[in-house]
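**Student:** Quick note: the sequence shown uses my numbering, first residue -10, plus one each step. Below are the structure tokens for one structure; questions will follow.
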Amino acid sequence: MRVLLTGGAGYIGSHTALVLLEHGHEVVVLDDFSNSSLEAVRRVEELSGKSVPVVEADLADRAASERALEDIEFDSVIHLAGLKSVGESVAQPTRYYRVNIDATLVLLDVLRERGITNFVFSSSATVYGVPQSVPIDEQHPVGDGITNPYGRSKFIIEEIIRDTQSAWPELGATLLRYFNPVGAHTSGRIGEDPSGIPNNLMPFIAQVAVGKRERLSVFGDTYATPDGTGVRDYIHVMDLAEGHVAALEHNRPGIAVYNLGSGTGSSVLEVVREFERASGQPVPFVIEAPRAGDVGEVVADPTLANTTLDWRTTRSLADACRDSWNWQSSNPEGYAG
């Protein structure tokens, strides 16, 4: 397949690009580089030994995207482009709705016009809202109880895709609700390189361990969890990338929904301790008030993806911490270093 990978220069996108190439597919990256680096694509080419064409465009800008894609051939799409910070979405809701939803509307129109029916959308476990039960399977209610605009934007996009598929039965649309991506490629050549202050736990821990930041803020220690800190299902980014490729290769007309997670929850303090073991460095932290929009525990039931996609996680939290530290210590300034 020749895959258009939107957001392909980002954290998840770069690892997915590499796995696609390793599976024998061709990749075209579309990215606006607002929170990503062309260097990530160059390193994917280095690791794979294959060329990756790059289209620079803001997918939410219809005219610019149509011009940029006019002469680009592809037969499948993995849609990763979008804003992704829960906390930032609470502070900037209209920006999150505009960017995430508009980009998807433009992309779906392009697909319909070209008759491209193989479509994978990277959604999020945030569409489940406050979990009614844990672990969460795909039958868990979605939409109600979502605590932040980021999650609501993902839920709205899922509904848009469902409506589009109803009007266009040939479309095969797979919605991947993934949990908390962590880690990096084992080479240390590609990894998570957030702009400014990291919004996610592990890159912040890594920056503390490497001496870039003084301490970690742990938001809340009174949740109904074993140590009071938030529990999440952390999935290695390479497992996540392989899940995207499996979904693309198993796609059929209709709507399919899968959780991509490990099925195991880890608390913030457990992640801190595991990272200290992996890095050999202390990670000082301070307890802060809980963040708006956060919930206590979110863990996946990935059984459906395991059985239907023949996919499962093979990397542990310890592996993720080791690989994240390898990336951070080798690239203390990220791709700019």
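Backbone N, C-alpha and C define an ideal beta-carbon position, used for all residues, glycine too.
Which same chain residues end up closer than 7 angstroms to A281 when comparing Cβ atoms and leaving out the 5 residues on each side of it in sequence?
**Tutor:** V79
**Student:** Is the beta carbon of G243 less than 8 angstroms from the beta carbon of G140?
**Tutor:** no
**Student:** Among all the DSSP beta bridges, which residues are the ones paired with N107?
**Tutor:** S65 and G161
**Student:** Around the C-beta of V226, are 16 or more other C-beta atoms found within 10 angstroms, so that it is buried, or is it exposed?
**Tutor:** buried
**Student:** Checking the sheet assignment: what are the DSSP bridge partners for T115?
**Tutor:** The partner list for T115 (beta bridge, DSSP) is empty, contrary to what the question assumes.
**Student:** Determine, using beta-carbon pairs with one atom in the stretch -9 to 8 and one in the stretch 296 to 305, whether at least three such pairs fall under 8 angstroms.
**Tutor:** no
**Student:** Throw me the rounded Cβ distance for the T106 and H68 pair, which I believe falls under 8 angstroms.
**Tutor:** That belief does not hold up - the Cβ atoms of T106 and H68 are roughly 14 angstroms apart, past 8 angstroms.
**Student:** Write down the C-beta distance between A114 and V287 rounded to the nearest angstrom, noting that I regard them as a contact closer than 8 angstroms.
**Tutor:** Going by Cβ atoms, the distance from A114 to V287 rounds to 6 angstroms, so yes, they are a contact pair.
**Student:** Ignore the nearest five residues each way along the sequence and tell me which others in A236's own chain have a CB closer than 7 angstroms to its CB.
**Tutor:** V109, T163, L165, Y247 and L298
**Student:** Measure the beta-carbon distance from D222 to G185 and round it to whole angstroms, keeping in mind my assumption that it falls under 8 angstroms.
**Tutor:** Their Cβ separation, rounded to whole angstroms, is 26 angstroms, which puts D222 and G185 out of contact at 8 angstroms.
**Student:** Under a Cβ-count criterion, where at least 16 other Cβ atoms within 10 Å of its own Cβ denotes burial, should I179 be classed as buried or exposed?
**Tutor:** buried
**Student:** Am I right that G71 and G(-4) are in contact with their C-beta atoms under 8 angstroms? What's the rounded C-beta distance?
**Tutor:** Right, the Cβ-Cβ distance comes to about 7 angstroms (below 8 angstroms), so this counts as a contact.
**Student:** Which runs of the alpha helix (DSSP H) at least 4 residues long sit entirely within the stretch -2 to 77? Give them in chain order.
**Tutor:** Counting whole runs of 4 or more residues, the stretch -2 to 77 contains the alpha helix (DSSP H) stretches 0 to 11, 27 to 37 and 51 to 58.
**Student:** One question on the structure: do A173 and F264 come within less than 8 angstroms of each other, judged by their Cβ atoms?
**Tutor:** no
**Student:** Taking the alpha helix (DSSP H) that L258 falls in, what are its first and last residues?
**Tutor:** V257 to S268
**Student:** Using only CA atoms, which one of N137, P138, S155 and P170 lies nearest to Q111?
**Tutor:** The question names Gln, but residue 111 is Ser in the sequence shown. Nearest of N137, P138, S155 and P170 to S111, Cα basis: P170.
**Student:** Using beta-carbon positions only, say whether D283 and G219 come within less than 8 angstroms of one another.
**Tutor:** yes
**Student:** State the Cα-Cα distance for the pair S74 and S40, rounded to the nearest angstrom.
**Tutor:** 31 angstroms
**Student:** Spatial neighbours of D133 within its chain, please: CB distance less than 8 angstroms, with the 5 preceding and 5 following residues excluded, ordered by chain position.
**Tutor:** G118
**Student:** Check each candidate in A(-2), S26, D21 and V17 and name the one with the smallest Cα separation from G326.
**Tutor:** S26
**Student:** Going by the beta-carbon positions, is the gap between P291 and G323 smaller than 8 angstroms?
**Tutor:** no
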